[in-house]
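Enquirer: Throughout the sequence shown, residue numbering follows the numbering used here, covering 1090 to 1333 in sequence.
The beta-carbon is built from N, C-alpha and C at its ideal position, and this holds for glycine as well.
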Amino acid sequence: MKNRIKIKASLVLVLCMLFLMSCEKSEVSPEVVNVQEQEGFMSTTGQSDTVLESNALDGQKPLLHMHFDGDLSKSEAIARFDEAVAEYKRNNINQVKSVNSQWIFKIQTFTGTEQNNQTDGTVKAAVYFETNINAAWHTDFNLDNPGNDREGGWDFYLFGLRYTGGQTVSWVEVKSATIQLQGMDGWYLRGFDVIVHPWDQDDRPATGRSIIVTNPDVWLDNESDSAWDLYGTYYTGRERLTFN
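The structure is reproduced here in structure tokens:
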């Protein structure tokens, strides 16, 4: 009888210990869930933690930048930006007046609208153009948005390029481009385009167009604050813009 009592007492003690352990686990589980919900290293490009040359840390600023919410369609966002570009040209005629060595182009990005898709990191782009003069990478386009950093949706930028030396640019083709994120605040890049349209040019008449249109659906991220992650379009550029 005493042995049975001892066995029952032991079983009760074991059950009490198991109950206490389960309570402890339930108390700490929210902390575990919170840790799992925090954003970690997200890159899917295979190019993370790249070291760029020091001259890539400075960048040419856009002539015009606008952000549009992600609930707008791409066509609606493009139409609104085209209107803004036309207004900009009317108000800044001296900056966009005819120069035979110059062309105007756009860079367009689309940030995912889900949780943690946005970034406050520095973003830059490089674009490879071919013209009748030469073919060259231009590596210093600054896509940083002070006070409005990619909260999900469209970011459109207007840039101008000019060759020195007095040669006339008679045609332009965009061949390839890369986009670059610095630091550890990950970014989900859904869209990345480079567009050269005839109606964006100065008062030189032009026909045709040249475009890169991509849907990367990639995460850019790094494990170092000073490193860069890259997405490249490869040589997907199409068509040619010709000045008449």
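1) Please report the straight-line C-alpha distance between residue 1146 and residue 1299, rounded to a whole angstrom.
2) Got a sec: does the ligand SAH put a non-hydrogen atom nearer than 7 angstroms to the Cβ of residue 1317?
3) Whole angstroms is fine: what's the gap from residue 1296's alpha carbon to residue 1314's?
4) For residue 1161 and residue 1243, which I take to be in contact (beta-carbon distance under 8 angstroms), what is that distance rounded to the nearest angstrom?
5) Would you kindly work out how many angstroms separate the C-alpha atoms of residue 1213 and residue 1333, rounded to a whole number?
6) Use the C-beta contact count for residue 1192: other C-beta atoms within 10 angstroms, 16 or more gives buried, fewer gives exposed.
7) Between residue 1201 and residue 1210, what straight-line distance do the alpha-carbon atoms span, to the nearest angstrom?
8) Go ahead and pull the three-state DSSP assignment for residue 1284.
9) Which value, in whole angstroms, describes the spacing of the CA atoms of residue 1190 and residue 1312?
10) In chain order, which alpha helix (DSSP H) runs of at least 4 residues are fully inside the segment 1140 to 1214?
11) Taking DSSP as the reference, what is the three-state secondary structure of residue 1238?
12) Among the candidates 1215, 1305, 1181 and 1265, whose CA atom is the shortest distance from the CA of residue 1292?
13) Where does residue 1244 sit, in a helix, a strand or coil, going by DSSP?
14) Measuring alpha carbon to alpha carbon, tell me which residue in 1204, 1207, 1234 and 1171 is nearest residue 1149.
15) Residue range of the beta strand (DSSP E) that residue 1130 falls in?
16) Just list the residues that DSSP pairs residue 1318 with in beta bridges.
17) Under 8 angstroms: do the segment 1249 to 1259 and the segment 1156 to 1176 share three or more Cβ pairs, one atom per stretch?
18) Alpha carbon to alpha carbon, how far is residue 1246 from residue 1294? Give it in angstroms, no decimals.
19) CB-CB under 8 angstroms to residue 1225, same chain, minus the five flanking residues each way: which ones, in chain order?
20) Do the segment 1258 to 1276 and the segment 1168 to 1180 make contact, defined as three or more Cβ pairs closer than 8 angstroms?
21) Quick one: Cα of residue 1204 to Cα of residue 1276, how far?
22) Just to confirm the assignment, what range does the beta strand (DSSP E) spanning residue 1330 have?
23) So which of 1206, 1287 and 1133 has the shortest CA-CA distance to residue 1274?
24) Shortest alpha-carbon distance to residue 1135 belongs to which of 1196, 1151, 1329 and 1269?
25) Pull the bridge partners of residue 1251 from the DSSP assignment, please.
Expert: For this structure:
1) Model confidence at residue 1146 stands at a pLDDT of 46, short of 50, so the residue's coordinates are unreliable and nothing is read from them.
2) Looking for the ligand SAH in the displayed structure turns up nothing, as the structure carries no ligands at all.
3) 44 angstroms
4) 7 angstroms
5) 32 angstroms
6) buried
7) 15 angstroms
8) strand
9) 41 angstroms
10) For the segment 1140 to 1214, whole alpha helix (DSSP H) runs of length 4 or above, ordered along the chain, are 1163 to 1180.
11) coil
12) 1181
13) strand
14) 1234
15) Here residue 1130 belongs to no beta strand (DSSP E), and DSSP marks it neither H nor E.
16) 1270
17) no
18) 22 angstroms
19) 1217 and 1218
20) no
21) Looking at the backbone, the Cα of residue 1204 and that of residue 1276 are separated by about 11 angstroms.
22) 1330 to 1332
23) 1206
24) 1269
25) 1191
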